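Report on the following structure.
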Amino acid sequence: MKSYMANPDTIERKWYVVDADGATLGRLASQVAAVLRGKNKPIFTPHVDCGDYVVVVNAEKVQVTGKKMDQKLYRSHSLYVGGFRETTLREMQAKKPEKVIENAIKGMLPKGALGEQMYRKLHVYAGAEHNHRAQKPEVLEIKA
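Its first residue numbered 11, the sequence shown is counted upward by one per residue in the working numbering.
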């Protein structure tokens with residue numbers, strides 16, 4: 011008996027919508043990352059992108075536990091002298107709430123070309139509205 015290997019041409023992809031209102035950031039990100047990878051499907055194959063599309067709404071209302079709002083830092087460098095920047099989670103949440111969820115999920119996906127392909131199936135919106143109604147996304151409940 012041979013092991014089943016998913017073929018990229020035969021994979022059927024679904025669209026899911028996730029409401030981040032009141033959800034904890036890490037728990038939300040880990041469950042969304044699993045759906046993007048396809049870990050919830052019986053045909054999961056590690057070297058094939060067999061995940062589904064995920065739309066996350068209400069990114070501005072995501073929550074974190076403890077003192078992470080002030081202590082968690084996002085670091086970047088412009089590659090110029092003195093170009094190091096640090097931003098707290100609170101500042102990032104106020105300016106770009108979508109980036110908070112995108113960064114958390116991206117860190118949980120594989121690194122490399124396959125991870126980039128999975129990451130492209132993620133769509134995050136700060137408010138309750140999204141422009142993917144034509145795909146008829148199913149509601150995906152996040153376990154607390």
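Think of the CB as a built atom: it goes at the ideal place given N, C-alpha and C, for glycine as much as any other residue.
Remember, it's a predicted structure, so these values are computed and weren't measured experimentally.
Query                                                                                                                                                                : Result
With 8 Å as the threshold, decide whether the Cβ of K71 is near any Cβ in chain C.                                                                                   : Going by chain labels, chain C is absent from the structure shown, which holds only one protein chain.
With distances taken Cα to Cα, identify the nearest neighbour of E22 among I53, A44, M11.                                                                            : I53
In whole angstroms, what is the alpha-carbon distance linking N17 and G125?                                                                                          : 17 Å
Determine contact between the region 133 to 150 and the region 85 to 105, defined as no fewer than three beta-carbon pairs at a distance below 8 Å.                  : no
Just to confirm my understanding: we take Q110, look at its own chain, exclude 5 residues before and 5 after, and list those with CB closer than 8 Å. What are they? : Reading the sequence as shown, one finds Val at residue 110 and not Gln. Answer for V110: L35, A69, V72, L99, M102, Q103, listed in chain order.
In the DSSP assignment, find the unbroken alpha helix (DSSP H) run with S40 in it and report its ends.                                                               : 35 to 47
Looking only at its chain, what residues have a beta carbon closer than 6 Å to the beta carbon of A114, apart from the 5 residues adjacent to it on each side?       : L35, A39
Going by DSSP, which residues form a beta bridge with Q73?                                                                                                           : T34
Which class does V110 belong to by DSSP, given the choice of helix, strand or coil?                                                                                  : helix
Just tell me which of Y129, R143, E139 has its CA closest to the CA of V45.                                                                                          : Y129
Give the DSSP-derived three-state secondary structure of R100 in the structure shown.                                                                                : helix
Considering just the uninterrupted stretch of the alpha helix (DSSP H) at L124, what are its terminal residues?                                                      : 123 to 129
Going by beta carbon distance, what residues of the same chain come within less than 7 Å of T55, once the five residues before and after it are set aside?           : M15, A16
If we ignore side chains and look at the alpha-carbon of each, how far apart do D62 and Y26 end up?                                                                  : 8 Å
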